[in-house]
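Novice: Residue numbers (this note's numbering), protein chains in the order written: chain F, 25 to 361; chain E, 25 to 361; chain A, 25 to 361; chain B, 25 to 361. Virtual Cβ for every residue (Gly too), placed ideally from N, Cα, C.
Protein chains: 4
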Amino acid sequence: MIKVGVIGFGYWGPNLVRNFATSDRCKMVAVADLDSKRLAAAERSYPGIRTTTNPADLFAAADIDAVAISTPVQYHFDLALAALQAGKHVLVEKPMAASAADCRRLIDEAAKRKLTLMVDHTFIYTPAVQKMRDLVQTGELGEIYYYDSVRVNLGLFQHDVNVLWDLAVHDLSIIEYVLGKVPVAVSATGISHVPGAPENIAYLTMFFEDSTIAHVNVNWLAPVKVRQTLISGSKKMVVFNELEPSEKIKVYDKGIVLNDDQEQINKLIAGYRTGDMWAPQLAGTEALAAEVRHFADCIETGTAPLTDGEMGYNVVKVLEAASKSLAQRGASVAVER
Amino acid sequence: MIKVGVIGFGYWGPNLVRNFATSDRCKMVAVADLDSKRLAAAERSYPGIRTTTNPADLFAAADIDAVAISTPVQYHFDLALAALQAGKHVLVEKPMAASAADCRRLIDEAAKRKLTLMVDHTFIYTPAVQKMRDLVQTGELGEIYYYDSVRVNLGLFQHDVNVLWDLAVHDLSIIEYVLGKVPVAVSATGISHVPGAPENIAYLTMFFEDSTIAHVNVNWLAPVKVRQTLISGSKKMVVFNELEPSEKIKVYDKGIVLNDDQEQINKLIAGYRTGDMWAPQLAGTEALAAEVRHFADCIETGTAPLTDGEMGYNVVKVLEAASKSLAQRGASVAVER
Amino acid sequence: MIKVGVIGFGYWGPNLVRNFATSDRCKMVAVADLDSKRLAAAERSYPGIRTTTNPADLFAAADIDAVAISTPVQYHFDLALAALQAGKHVLVEKPMAASAADCRRLIDEAAKRKLTLMVDHTFIYTPAVQKMRDLVQTGELGEIYYYDSVRVNLGLFQHDVNVLWDLAVHDLSIIEYVLGKVPVAVSATGISHVPGAPENIAYLTMFFEDSTIAHVNVNWLAPVKVRQTLISGSKKMVVFNELEPSEKIKVYDKGIVLNDDQEQINKLIAGYRTGDMWAPQLAGTEALAAEVRHFADCIETGTAPLTDGEMGYNVVKVLEAASKSLAQRGASVAVER
Amino acid sequence: MIKVGVIGFGYWGPNLVRNFATSDRCKMVAVADLDSKRLAAAERSYPGIRTTTNPADLFAAADIDAVAISTPVQYHFDLALAALQAGKHVLVEKPMAASAADCRRLIDEAAKRKLTLMVDHTFIYTPAVQKMRDLVQTGELGEIYYYDSVRVNLGLFQHDVNVLWDLAVHDLSIIEYVLGKVPVAVSATGISHVPGAPENIAYLTMFFEDSTIAHVNVNWLAPVKVRQTLISGSKKMVVFNELEPSEKIKVYDKGIVLNDDQEQINKLIAGYRTGDMWAPQLAGTEALAAEVRHFADCIETGTAPLTDGEMGYNVVKVLEAASKSLAQRGASVAVER
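1) Check whether the Cβ of Ser-347(B) lies closer than 9 Å to any Cβ atom in chain F.
2) What residues of chain E sit near Gln-305(B), judged by a beta carbon separation below 7 Å?
3) Roughly how many angstroms lie between the CA atoms of Ala-86(E) and Ile-26(E), to the nearest whole one?
4) Evaluate Glu-360(E) with the Cβ neighbour count: other Cβ atoms within 10 Å of its Cβ, from every protein chain shown; 16 or more gives buried, anything less gives exposed.
5) Can the beta-carbon of Ala-238(E) be found closer than 9 Å to that of Leu-203(E)?
6) Relative to chain B, which residues along the stretch 240-254 of chain F have a C-beta separation below 7 Å, given in chain order?
7) Using CA atoms only, rank isn't needed, just tell me which of Thr-325(E), Gly-308(E), Ile-88(E) is closest to Pro-4(E).
8) Give the range of the alpha helix (DSSP H) segment to which Ala-152(E) is assigned.
9) State the CB to CB distance for the pair Ser-270(A) and Val-248(E), rounded to an integer number of angstroms; the pair is presumed to be in contact (CB under 8 Å).
10) Pull the bridge partners of His-239(B) from the DSSP assignment, please.
11) Indicate the three-state DSSP secondary structure (helix, strand or coil) for Leu-58(F) in the structure shown.
12) How long is the line joining the alpha carbons of Ala-45(A) and Val-208(B), rounded to whole angstroms?
13) Put Ala-311(F) into one of helix, strand or coil per three-state DSSP.
14) When Cβ atoms are compared, which residues of the stretch 252-272 of chain F fall closer than 7 Å to chain A?
15) Would you say Tyr-72(F) reaches chain B, if we count a Cβ-Cβ gap shorter than 9 Å as a contact?
16) Between the C-alpha atoms of Ala-64(A) and Thr-75(E), what's the straight-line distance to the nearest angstrom?
17) Grab me the residues of Tyr-337(E)'s own chain with a C-beta within less than 8 Å of its C-beta, minus the 5 sequence neighbours each way, in chain order.
18) Beta-carbon within less than 7 Å of Asp-277(B)'s beta-carbon, same chain only, minus the 5 sequence neighbours each way: which residues are those?
19) Between Leu-196(F) and Ser-256(F), is the Cβ-Cβ spacing less than 9 Å?
20) For the alpha helix (DSSP H) holding Arg-128(B), just list the boundary residues, first then last.
21) Taking C-beta pairs closer than 9 Å, name the residues in chain D that Ala-355(B) reaches, listed in chain order.
22) Answer yes or no: do Thr-253(F) and Met-335(F) have a C-beta to C-beta separation smaller than 9 Å?
23) Evaluate the contact criterion for the stretch 338-347 of chain A versus the stretch 209-220 of chain A: three or more CB pairs, one atom per stretch, below 8 Å.
24) Give the interface partners of His-217(A) over in chain B, defined as CB-CB distance under 7 Å, in chain order.
25) Counting only Cβ pairs nearer than 7 Å, list the residues of chain B close to Tyr-227(A).
26) Find out if the Cβ-Cβ distance for the pair Ala-104(F), Gly-29(F) is shorter than 9 Å.
27) For Leu-245(A), name the three-state secondary structure that DSSP assigns.
28) Beta-carbon within less than 6 Å of Ser-47(F)'s beta-carbon, same chain only, minus the 5 sequence neighbours each way: which residues are those?
29) Buried or exposed: Leu-40(F), going by 16 or more other Cβ atoms within 10 Å of its Cβ?
30) Gln-161(E) to Trp-36(B), Cα distance in whole Å?
31) Closer than 6 Å by C-beta to Ser-173(A): which residues in its own chain qualify, once you throw out the five before and the five after it? Chain order, please.
32) Whole angstroms is fine: what's the gap from Thr-327(F)'s alpha carbon to Val-250(F)'s?
33) Against chain F, with Cβ distances strictly below 9 Å, would Lys-274(E) count as a contact?
34) Using DSSP bridges, identify the partner residues of Trp-302(E).
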């Protein structure tokens, strides 16, 4: 049993605590949060766990093996470093840290101490993303042409990071995991509609070494929530609609018409989709439950997590390049090697 | 009765011919096309009209008042210029011409001769776009924050122009008409997946003098056809889904949460939309029928069309800037004044 | 070339005329309608065809081989009988006639004269219904459990027949064609909300010799148009949504849980659908064009149409039984053998 | 604080326990279930509550004020009666009991002892049903023409009751609450596809004293889960789609065309909906939380619950009449007064 402490009991922390508490591989030991009202709530729901307003109490506790950090991104580095230095395994919220340099520092620290360092890119553990990876990696989609994602939210503005760091972060991990490659250059545009606040709308294009292109549309100010991803290959295409209750993944046989046959052209103009469509049934597993199991496995076996520090580092490098491009209204910026 | 000749009887030409033929304001006189099989089809459907493989026959015909040009864009300028020089009013397919300079030349020629020059930006005449213009221009949406459009097609590749010139062209006219302003700079990215062919996928961000931002996602290689536009203002937001049979326009009351109230935040995170929604019923009018009537009105009264040469020119200027930016992987390019 | 006259140029007649006119197997010769304004419209659209306010002119015309009858149902019998007696092949709108006895009479007359008698159950010629028949007849769905259809319209009230005769008529032909069997008893309920007018809402259950059950929900007073049919078998289930532009037919792998396994039960309760789903691409053919071709084939070869008089007769027998049951608030009424 | 014991910890019981546990008006004291594994699960989730395999322990407990019964329907009567006789307030799952006579007996017992007797018709406490009641009771919909509901599930077969008792029960309570009236006669049809098992598909028409008609389509063997209700009035119509995440309630302005105006008729035939549509935002409250609060209120003030014994009794009377009609293939059966 991995004995776990969680830092941060705001929006996401309670989900972590619940999954650690119900996992048969872990034991929830303690929760830290600056807000004592939140700690009181944690105590009501989980009688018997310890609470503290001081995260250092968790690092010092001999009965804690691993720490999960679910705080604003600006605190990730200090807390994760202190945890590693105290010999704890770490699961840290995404984005992993506020800079790529900080990410690298954490990776090195964990390596030196032979501790598990995992980033909470939860999407990687969903049945839908697993299915997309299968479809791409088995070659069923053919050569990958593009990844196109729309991820827009309902008017919830963050004040510490811009919308790319809040929402595009999901796609960056999915792209690395599903396509198995990372961008070499980016172009980003966006704007803030609240004076002095970070960008609340942004568009990010990513270029790769080959002719794959990726694009992410993120927005905190949409009338309807949208979570839709297209992956198109030379053989088939996938539509992933996270909010669709019954058909999250649809796979389409593809058709391209390059010739001048007017009848074929008219058919494509008049049509609404191409080829047969197939919507595989997906397991109903909660991603976070799978992730918690995987975290326990990695700690016990010493293997690298799917969402290890390297993935967290790659994601932050792209976000840094994107922020630079954003400041130059879309000028292409190389992603640091 | 405006007596009309149509040049080009491929995909769109037959729609023009049908609408001129059934209009009580116009009379279809002649059709020109290089392909005699198409001319035979035109004769079968419209017994009594003249046909010719030589467009010059239409310019020379004394019984033709106006010419509609529905050919590939590379021929627009020469044909429109010749028509104007022959004293004919002109309706030309969009984009108006292959360069802004050509557009300007046509505008001048029409002005000199006091002829009507109209560009077939059909969307402007749809009840949905009319409704969006009303919502914006009456201030019902408040200050406009962004325009965001996805316009993707099913595998139909053009070889003469890239996907921006084929699909983004619609949004450029809608933006000018609905928002009442034109972009000052653009950033565009995209790629071609067929060696030697024009870009089949592209992303275009447009900046304005104020803090409005616009973005268009265009793609010839999608598994499903999408035609969706969001316009967000400080008071309300509109979703325009052209393919939705019964609720093309949805208007949402808006909500933004800038504070730290955790309960409000959780509600927004868990929610799927904001505020009440209202879907006004739209008239079922065919846009092209309204456009043909408007063309006849403009010719008879000498007033400028909604989609006049200036709009066509503005649209092409943005397309030229976008093509430059595309070649530089998103670098910001100013739109010529 | 089959030379055709059409009687009735109201709502559906123009579709018949258009399809006969564009078919390379038929030639449109003449149109009859009581309303001379409609005849003028027919002449405008089809220069060269003859028009008349007297249907008898069509029966008397030596240059007419076949007559299509698209009038209110009360006139079907007299017109079809006169046409047959004049030696014309007949295509008659559905329902075939106002009584089963009249249908039988027409069948006998056509048989005696070796003329083709076809009923315009257009749905039978749609790619979607053809696909459903394939799925059922090849056994892919397994033993058929039920057919369940919702067919509701927007406030368009007929005054000559009730809603069963107007809308359920489609399902009755689809059931016979797709399932390959006819009901033995019916129970129908419904009501009229306009005093003195026929029922505008009705529910029809049909029983068969085996344990298949069918139900049709028809309604002239719905806020949204619905056209959805479910066919469930012991192996798979089909959903046919006529109004869905891109996925008219969806085939679902099925799951039933008969045991007491709580986890399985919870999964079904929480789920939104069962098994994999597959949406085959359907041809974009216009049903009426296929039907017109089939009519010409049947006339030329003397074979019985898919939608022959017997199908028309079976449909009307069920409608008669349903009307009797409706008057008794659902009491079971046997369908005449 | 109302001290509560819950009998039955299968599918629904845990929801009751969770809502009693988190309510600030109630205190969860004890859970009874025949299955000790379920009791162990209850103890893990709610450390400190008592558990027992004998419901009588709850009736005998001095520290229990109220008992909630969430068992198969066949046990409702005996358990509820014993609870009332022990002086406990009762919340009983729907349907209230296996016969109307049993329901009446429970009502009398509760009245005699001045105890609160409430039936868990949870839907009544949803924001959507509350909104529909408002729309009907304020006259906004006008005179009510029909209630039409489809409520179909994914292959989960019950063995103790037929599908009407399992699913139509929801609509019967909604009809009484929203329309404010009860049916006077019913016609029901249905069939069982599993030999010896209760009907798994059924259709129920309900007649009222006026010209309102109601129909419920219930089915345990559907490929997709559907929960859709239409209520149509002389002025407006409502569509309630429980599974739609963002627009559960849509209100449509209505249109009927009774005249012969061909243009109007064509518009309705071609259209997909009538009038403007309005989708009011609904509160995100969990119905069961509101219900638990209401239960506590009723106990404390002695007022009758919205879903009191009388509603439970009326619902069971209709179910009894429906079962009789079902056995006679739809013959009309009067609902007992």
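Specialist: Let me spell this out:
1) no
2) Gly-299, Asp-300
3) 12 Å
4) exposed
5) yes
6) Val-248
7) Only positions 25 to 361 of chain E appear in this structure, which leaves residue 4(E) out of reach.
8) 151-161
9) So it is a contact: roughly 6 Å between Cβ atoms.
10) Asp-172(B), Thr-229(B)
11) coil
12) Roughly 55 Å separates the two Cα atoms.
13) helix
14) When C-beta distances to chain A are compared with 7 Å, the residues of the stretch 252-272 of chain F below that value are Pro-269, Ser-270, Glu-271, in chain order.
15) Checking the sequence shown, residue 72(F) turns out to be Gly, not Tyr. Yes, Gly-72(F) lies at the interface with chain B (some Cβ there is under 9 Å from its Cβ).
16) 26 Å
17) Met-120, Ala-124, Cys-127, Arg-128, Ile-131
18) Excluding positions up to five away in sequence, the list reads Lys-260, Thr-298, Gly-299, Asp-300.
19) no
20) 124-137
21) Chain labels in this structure do not include chain D; the protein chains are F, E, A and B.
22) no
23) yes
24) Under a criterion of Cβ atoms nearer than 7 Å, the residues of chain B adjacent to His-217(A) are, in order, Tyr-169, Ser-235.
25) Tyr-227, Thr-229, His-239
26) no
27) In the displayed model, Leu-245(A) falls within a strand according to three-state DSSP.
28) Val-316
29) Around the Cβ of Leu-40(F), a 10 Å sphere holds 16 or more other Cβ atoms; the residue is buried.
30) 52 Å
31) Asp-195, Val-240, Thr-253
32) Cα-Cα distance, rounded: 35 Å.
33) yes
34) Val-275(E), Trp-302(B)
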